[in-house]
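For the first sequence, counting from 1, position 25 maps to 15 in this note's numbering; every step adds exactly one.
A virtual CB, placed ideally from N, CA and C, is assigned to each residue, including glycine.
Notes for the one structure printed next.
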Amino acid sequence: MVRAPAPSPCCEKMGMKKGPWTHEEDEILISHIQQYGHANWRALPKQAGLLRCGKSCRLRWFNYLRPDIKRGNFSREEEETILNLHKLLGNRWSAIASSLPGRTDNEIKNFWHSHLKKRSRTYFRLDDYDQQKHFSSKSTFPVPGLIHEPPSSSNPAVPIPNNDGSKTSIEDIDFWYNLFMKAGEAPKSSTA
DNA sequence: AACGCAAGCAACCGCCTCATC
DNA sequence: TGATGAGGCGGTTGCTTGCGT
């Protein structure tokens, strides 16, 4: 489940525990956060009596223990949302997760790599996907395909065939683009 | 029943950003 | 204005589990 503990500058020198979380540790973390909140992740493990580093506590809480976490299979709608947002935003998992209540960036990232990555290559054009691989969240990414090449009289938007034979049109992608524009999450322009 | 392989997923690592001094 | 520290994020790892042979 969890990789073998390896030396880490952050945890090792502090004698912090690594690896899978036990039920007891979960209980301690949950009750501490419910009682005191998590204003300071670095101080939290010490205050709570956990032999974990703050980062580990934060990750465990956000990805697994939060009460509003939605677990289980992704719905069809969620899949479509992820596909569309990934097409628009690239690997900005946290931004994608913010549009899916109850889902974490880690969960979406895992789901993408195990399920949707393959679908994406047929759902969208293969070359768009390959192009995206060159742009991390930290770099400006070109709004792919239909966006950075807006339709014109000489370059009309061509609907993209999906697996089920339906089409993904420029309107669909515009929808998500506008959604993020309104939410203040406008993607960086590659020419900015 | 035993083995090998691939997929799924929790967790770690390291870098980046931002706030504070 | 640069240094520092903490939080946040994406990439990656490797153990577990399920399935096929």
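Segment limits, alpha helix (DSSP H) that includes residue i
{"i": "T71", "result": "66 to 79"}
{"i": "L19", "result": "13 to 26"}
{"i": "L49", "result": "44 to 50"}
Through-space distance from residue j to residue i, alpha-carbon basis
{"i": "N30", "j": "G92", "result": "23 Å"}
{"i": "N81", "j": "L40", "result": "33 Å"}
{"i": "W102", "j": "E68", "result": "11 Å"}
{"i": "M6", "j": "C43", "result": "6 Å"}
{"i": "P10", "j": "C47", "result": "12 Å"}
{"i": "I86", "j": "I72", "result": "7 Å"}
{"i": "T94", "j": "K45", "result": "16 Å"}
{"i": "Y26", "j": "R32", "result": "14 Å"}
{"i": "S84", "j": "E70", "result": "17 Å"}
{"i": "S21", "j": "N100", "result": "28 Å"}
{"i": "L90", "j": "E14", "result": "29 Å"}
{"i": "N74", "j": "K36", "result": "42 Å"}
{"i": "L34", "j": "H28", "result": "7 Å"}
Option in the options with minimal Cα separation from residue i
{"i": "R66", "options": "T94, H105, D16", "result": "H105"}
{"i": "R61", "options": "H76, A33, H28, N96", "result": "N96"}
{"i": "Q24", "options": "F64, R50, T12, R56", "result": "R56"}
{"i": "W51", "options": "S88, A38, D16, H76", "result": "D16"}
{"i": "N63", "options": "I98, T12, A33, W83", "result": "I98"}
{"i": "K8", "options": "L75, L73, L49", "result": "L49"}
{"i": "D58", "options": "N100, A33, S88, L34", "result": "S88"}
{"i": "A38", "options": "H13, I18, E70", "result": "I18"}
{"i": "T12", "options": "Y54, H28, H76, K36", "result": "Y54"}
Reduced DSSP secondary structure (H/G/I, E/B, other) of residue i
{"i": "A29", "result": "coil"}
{"i": "I59", "result": "coil"}
{"i": "P91", "result": "coil"}
{"i": "P36", "result": "For the sequence presented, residue 36 should be read as Lys rather than Pro. Helix, per DSSP."}
{"i": "L106", "result": "helix"}
{"i": "K99", "result": "helix"}
{"i": "V133", "result": "Any reading at V133 needs caution, since the residue's pLDDT is 38, under 50, leaving its predicted position unreliable; the model's value is listed next. Coil."}
Proximity test, residue i beta-carbon vs the ligand SAH heavy atom, cut-off 7 Å
{"i": "I98", "result": "Inclusion of the ligand SAH in the displayed structure is not the case, the ligand content being empty and no account of it being possible."}
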